[in-house]
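Asker: Dropping a structure here in structure tokens format, bear with me for questions.
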Amino acid sequence: MDEHIQTSLAEALRQRGVDVLTTQEAGNIALDDYEQLNFAHKKRMVLLSYNKRDFARIHYEYMKTNEHHSGIVLSDQLPVGQILKRLMRLYFSLSKEEMENRLEYLGA
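Residue numbers for the sequence shown follow my numbering, beginning at 25 and rising by one.
Here you go:
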């Protein structure tokens, strides 16, 4: 989860059995977007961000150059409950393997 995601969302996901690591917990506040995505990939974790423009661009760059990531989920800044509901729907819909190199937008 990037540094702009609420810690309350991370806690709510953990309570539901989701393995979560925030940027703050990892000590990665100073990393740029590419480094954040590469860190998540090394951990085999999907990255969640509100930064739709930059991470969508990075995803397409990776696809053009055959670079890999473990998945990117992008969301608008919504109330935590709405994001949680949408994330859990996605969590139960796609496996870790299916999320690899995938870009998902949390919809309604």
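Glycine is no exception: its CB is placed at the ideal position from the N, C-alpha and C atoms.
On the criterion of 16 or more Cβ atoms from any shown chain inside 10 Å, does M25 qualify as buried, or is it exposed?
Answerer: As a first step, residue 25 must be located in the sequence shown, where it is residue number 1. Classification for M25: buried.
Asker: I want to know whether the region 103-119 touches the region 34-44 - three or more CB-CB distances under 8 Å.
Answerer: The answer is yes - the region 34-44 touches the region 103-119, with three or more Cβ pairs under 8 Å.
Asker: Taking the C-alpha atoms as reference points, what is the distance between R126 and K120?
Answerer: As a working mapping, residue 126 is identified with position 102 in the sequence shown. As a working mapping, residue 120 is identified with position 96 in the sequence shown. Each residue's alpha carbon lies about 10 Å from the other.
Asker: If distances are taken between C-alpha atoms only, which option among I29, I96, R40 comes closest to A64?
Answerer: Taking the sequence shown and counting its residues from 1, the one referred to as residue 64 is at position 40. Checking every option, the nearest Cα to that of A64 belongs to I96.
Asker: Within 10 angstroms of its Cβ, does I53 collect 16 or more other Cβ (buried), or is it exposed?
Answerer: Here residue 53 is taken as the residue at index 29 of the sequence shown, counted from 1. Classification of I53: exposed, given that the 10 Å Cβ count is below 16.
Asker: Apart from the five residues just before and just after G131, which ones in its own chain have a Cβ nearer than 8 Å to its Cβ?
Answerer: Counting from one through the sequence shown, the residue named residue 131 turns up at place 107. Within the same chain, G131 has close Cβ partners R110.
Asker: Using CA coordinates, which residue listed in K88, A80, E128, Y115 is at the minimum distance from V44?
Answerer: Position 20 of the sequence shown holds residue 44. It is Y115 whose Cα lies nearest to the Cα of V44.
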